[in-house]
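What follows is a set of notes on a single structure, which appears directly below.
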Amino acid sequence: MLSDPALIEGTARPWHDAGYTVEYRRFYPHLTTADLARYHTVLLLLGREPEAPSDGLTAGDLAILDAWVRGGGVAVLGYAEGEGTLDRWVANRWLASQGAGIAIGDEALEDTTVRGAAPRTQSWAEGRRLGDDPLGSVYDPFPMGRNHALEVRRSSEVLAVAGRRAFVRTPKAATPRGGAPIAAAARVGDGLVVVLSRHALGALGPENRPSTMPLLQLGALAATHDFLTALARWTRRPAEWAHVPPAEHPTPATLAGAPLPVEIQPPLAEPPPGVKAEPLAWPAKRDTTRASGVPGWIRQMGMRALWAPLLLPREEGPAPRSTAALDSLVGFLDQAGLNLLAGDADPETVADSLHHRWEERSAVRRAWSDAASLLQPTSVAWIPAAAFGDFRPPAGWADSSRGIRGEPLSAACALDSAFWDDRVVPAVVTLARLAAGLRQLVPALAFDLGPLPRGQFTGYSMGQEFCDAAWRQAIRRMGRHGPLDSLPVVERYRTLRDAGLLPAYYQALEALVAEHARGIRDRVLKERPGLYFAFRLRQAPGDWFSLGLLRGFALPDRPLLVFTPEVMTRRLLAAYRARGLDAVHAVELPSALVRVRNLATLKPLVFGQNDGFWLSAGEGTAARGRLDAGRSTSDSVAQALRRLAR
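The sequence shown begins at 302 in our numbering and counts up by one.
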């Protein structure tokens, strides 16, 4: 819910291809009475609470769903995997009240063939016979994103099952769940209910979670498209629903005992003024499919980066690499033919003399000097990074980030002046001065919004930010101060949503973040003109904070350098380019996949769909694609990488 339209395009595409006109109402994610007359099918992308800030199903939504399906409409419930416990609970209560015979299980499915070094843990799907053939007429397994196992009353309700290698984790052991239902349908009244994960619905494009696309088998997504398009086409043909059993023994829905309080609010007659439904599934314009101002070294060789912290994470704090370890790292870069070393350079340690001893700051400066001395004779450039997870004062923040219920979150209030002025700005200016003294070695500065083992930064997303500092600045920018000034934090989100002010509020938040970023950008460029700016993100950018940062650091004559795990980014970047945001993208390669036998498959992915690749190393046990598994492994990876040329 509240996702950027660019992250919903992959969800909309098969429905568009099946003949639907697809509209997305972003800032009022609830059903209204007017929707009953306007739409035949509704895709409800369920929320993420309590694991992440999000809107969720209300009693009013359930009332509209009752009328929807009994009047002949189609309701598709797309739950969130691993998170969204509240909405899965509410959806299960509603399904039970309808007698649908379908329930969403609590455990996520994984694949037994995935090793710890590879992050893509999705289980594949297999179509089940619906009449004469399965949807899409596909019998071989195909990728379908993240899923939970469904519980069904009858096997004839099942549309797709997990592949034979699927399992779920339990406290004692992994339990095989091959053949578990992952997509199911039931007839309710004259209508139809379909249940599958929102990640399965969005398997063809970026979404608000790290990608699980199979890097070595992207061709299998054609079968995924066939299945999803056939599913969408089937929902338009009530005469073909006869193979699906009808619901039995409906009962009133009860919402007592929910993990969090469920909003008890009758449905609105129509969406609030100021909230519009946007058409989706647009084709990329030819003139926006490639970045402009791309430097020659990226055009010729692509970004070939190793993302590794300059200092190693330790329980007692970051420690400089030994001379031998640094020599080994630089040797790997040279052997692998990489052209970038990027990673956290711990600038906040040097910038904060109040909380870091002279010895700590001296150790970081010495690590900078040692790295520069070893890298300068090579063809490898250095992109030192500032990690947002490190911007945390020892005593904590005066106010934390706040979610839609006013709940505190494990991040600073995003517009707290202390966050920017006392933590971010000094660290970034310190990096700029480092770059000014290393003009030939450092082409860019980076900002790391990825997961960090020693920080507790969870990032910012849609569903926040309602802390006091952000609230005051945003409503002032909207011209709405006055009665809203004293609104309690627990009422802020719903007040904006029901008044149709959420679009303006999130636009204001993004603009305010962009202003902060623009001010930092200008200070950096005074220290060192000509720098590029790079960003590592845990997923495709699609929230007000990451887009505000990107917009603030954007320059008309050079693209931003973006590093994410996302695989298929051409349409995504074209959508952002159409909004005036220019970027090139490097995709993460898990080192477990970097083998000579895979190079023919990886090459068009990293240099066709993307502008290069990056690998992660030395970031602790949570790191993905680690290269610290032994000398022989590193040597074989390096040899394969050298052959992975544009």
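From the three backbone atoms N, C-alpha and C, an ideal C-beta is built for every residue, glycine too.
Decide if residue i is buried, meaning its Cβ has at least 16 other Cβ atoms within 10 Å, or exposed.
{"i": "Arg349", "result": "buried"}
{"i": "Pro388", "result": "The question names Pro, but residue 388 in the sequence shown is Asp. So Asp388 counts as buried."}
{"i": "Thr525", "result": "buried"}
{"i": "Val885", "result": "buried"}
{"i": "Glu427", "result": "buried"}
{"i": "Ser565", "result": "It is Ile, not Ser, that sits at residue 565 in the sequence shown. The residue is exposed, with fewer than 16 neighbouring Cβ atoms inside 10 Å."}
{"i": "Leu641", "result": "buried"}
{"i": "Pro610", "result": "buried"}
{"i": "Gln399", "result": "buried"}
{"i": "Asp722", "result": "exposed"}
{"i": "Trp915", "result": "buried"}
{"i": "Glu508", "result": "buried"}
{"i": "Gly446", "result": "buried"}
{"i": "His449", "result": "buried"}
{"i": "Pro560", "result": "exposed"}
{"i": "Arg600", "result": "exposed"}
{"i": "Thr922", "result": "Bear in mind that a pLDDT of 35 at Thr922, under 50, signals an unreliable position, so the model cannot answer this."}
{"i": "Val659", "result": "According to the sequence displayed, residue 659 carries Trp and not Val. It counts as exposed."}
{"i": "His656", "result": "exposed"}
{"i": "Arg429", "result": "buried"}
{"i": "Gly372", "result": "exposed"}
{"i": "Arg859", "result": "buried"}
{"i": "Arg944", "result": "exposed"}
{"i": "Thr322", "result": "exposed"}
{"i": "Pro842", "result": "buried"}
Where residue i and residue j are concerned, what is the direct C-alpha to C-alpha distance, given to the nearest angstrom?
{"i": "Ala637", "j": "Leu874", "result": "28 Å"}
{"i": "Val375", "j": "Pro482", "result": "20 Å"}
{"i": "Ala548", "j": "Arg454", "result": "10 Å"}
{"i": "Gln808", "j": "Leu848", "result": "10 Å"}
{"i": "Arg896", "j": "Ala770", "result": "50 Å"}
{"i": "Leu493", "j": "Ala484", "result": "13 Å"}
{"i": "Trp316", "j": "Pro580", "result": "12 Å"}
{"i": "Arg666", "j": "Gly357", "result": "48 Å"}
{"i": "Ala699", "j": "Val938", "result": "46 Å"}
{"i": "Arg591", "j": "Gly913", "result": "14 Å"}
{"i": "Arg465", "j": "Arg538", "result": "31 Å"}
{"i": "Asp318", "j": "Thr536", "result": "13 Å"}
{"i": "Gly780", "j": "Gln774", "result": "10 Å"}
{"i": "Asp367", "j": "Asp491", "result": "11 Å"}
{"i": "Leu826", "j": "Arg880", "result": "24 Å"}
{"i": "Leu894", "j": "Tyr833", "result": "30 Å"}
{"i": "Ser892", "j": "Ser593", "result": "30 Å"}
{"i": "Leu522", "j": "Trp598", "result": "32 Å"}
{"i": "Val576", "j": "Arg622", "result": "53 Å"}
Using a Cβ-Cβ cut-off of 6 Å (strictly less than) and excluding sequence neighbours within five positions of residue i, which residues of its own chain qualify?
{"i": "Ser512", "result": "Pro866, Glu867 and Val868"}
{"i": "Arg755", "result": "The predicted model places Arg755 with a pLDDT of 45, which falls under 50 and marks its position as unreliable; any figure quoted below should be read in that light. Once the five neighbours on either side are set aside, the close Cβ partners of Arg755 are Pro614."}
{"i": "Gly506", "result": "Glu310 and Gly311"}
{"i": "His500", "result": "Glu382, Gly446 and Arg447"}
{"i": "Asp653", "result": "none"}
Throw me the rounded Cβ distance for the residue i and residue j pair, which I believe falls under 8 Å.
{"i": "Gly764", "j": "Ile705", "result": "5 Å"}
{"i": "Glu458", "j": "Val545", "result": "6 Å"}
{"i": "Ala392", "j": "Ile405", "result": "6 Å"}
{"i": "Phe692", "j": "Val725", "result": "6 Å"}
{"i": "Phe836", "j": "Leu810", "result": "No, Phe836 and Leu810 are not in contact; Cβ-Cβ is about 18 Å, not under 8 Å."}
{"i": "Arg839", "j": "Leu750", "result": "7 Å"}
{"i": "Leu345", "j": "Val370", "result": "Their Cβ separation, rounded to whole angstroms, is 12 Å, which puts Leu345 and Val370 out of contact at 8 Å."}
If you measure from the beta carbon of residue i to each beta carbon in chain B, is any gap under 9 Å?
{"i": "Glu324", "result": "Here chain B cannot be found, since the structure has a single protein chain."}
Between which residues of its own chain and residue i is the CB-CB distance below 7 Å, once the five residues before and five after are set aside?
{"i": "Val790", "result": "Arg703, Gly707 and Phe767"}
{"i": "Leu363", "result": "Trp395 and Ala554"}
{"i": "Ala620", "result": "Leu612 and Leu613"}
{"i": "Ser762", "result": "Ala353, Pro354 and Asp844"}
{"i": "Ala578", "result": "Glu324, Tyr325 and Arg326"}
{"i": "Gly644", "result": "Trp608, Ala609, Pro610, Leu611 and Ala686"}
{"i": "Pro574", "result": "Gly801"}
Can you list, in chain order, the residues of its chain with a C-beta nearer than 8 Å to that of residue i? Leave out the 5 residues immediately preceding and following it.
{"i": "Ala360", "result": "Leu556, Val563, Glu564, Ile565, Gln566 and Pro567"}
{"i": "Ala737", "result": "Glu828 and Arg829"}
{"i": "Leu735", "result": "Ala646, Pro648, Trp669, Pro685 and Val743"}
{"i": "Ala335", "result": "Ala570, Glu571 and Pro572"}
{"i": "Ile365", "result": "Leu332, Thr333, Thr334, Asp336, Leu337 and Pro568"}
Between residue i and the ligand COA, is there a pair consisting of the residue's CB and a ligand heavy atom that are separated by less than 8 Å?
{"i": "Ala540", "result": "Looking at this structure, you won't find the ligand COA or any other ligand, since it has none at all."}
On the three-pair Cβ rule with 8 Å, is the segment 848-855 touching the segment 798-818?
-> Taking a contact to require three or more Cβ pairs closer than 8 Å, the segment 848-855 and the segment 798-818 qualify as touching.
*Touching or not, the segment 673-693 and the segment 613-631, by the rule of three or more beta carbon pairs under 8 Å?*
Yes: the two stretches touch, three or more of their Cβ pairs being nearer than 8 Å.
Contact the segment 680-694 vs the segment 725-738: 3+ CB pairs below 8 Å
Touching, yes, given that three or more Cβ pairs across the two stretches are closer than 8 Å.
The segment 895-902 contacting the segment 329-338, beta-carbon criterion three pairs below 8 Å:
No contact exists between the segment 895-902 and the segment 329-338.
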